[in-house]
Amino acid sequence: MAGQGSAGNVIAAALSFFIPGLGQLTQGRLLTAALHLLFSGILWVVSFGTLGWIVHIWSAYSAAVWRA
């Protein structure tokens, strides 16, 4: 990945928007990817499906602004 604003980060952000952590996984950030996925699942279950979208947006933003 070339850094913030690169095409790779845009793709990673799009992936993370649909499946939290997938963009971080494509960037090679394994622990961060696992945490995003885990936190998303917990929040979806605890909030009965109403607040999980917050993690999707947070995950996409995190992937978009990450610098290698």
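Residue numbers (our numbering): 1459 to 1526.
A virtual CB, placed ideally from N, CA and C, is assigned to each residue, including glycine.
Note that this is a predicted model, so its numbers are computed, not measured.
Roughly how many angstroms lie between the CA atoms of residue i and residue j, to the nearest whole one?
i: A1526; j: G1507; result: 33 Å
i: V1468; j: W1502; result: 25 Å
i: Y1530; j: A1470; result: Shown here, the chain extends from 1459 to 1526; a query on residue 1530 therefore has no answer.
i: L1488; j: S1505; result: 26 Å
i: A1491; j: S1517; result: 9 Å
i: L1473; j: T1484; result: 9 Å
What span of residues does the alpha helix (DSSP H) with residue i cover, start to end?
i: A1470; result: 1465–1476
i: W1511; result: 1511–1523
i: S1498; result: 1488–1504
i: T1484; result: 1480–1484
Among the options, whose alpha-carbon lies nearest the alpha-carbon of residue i?
i: F1497; options: Q1485, S1464, W1511, V1523; result: W1511
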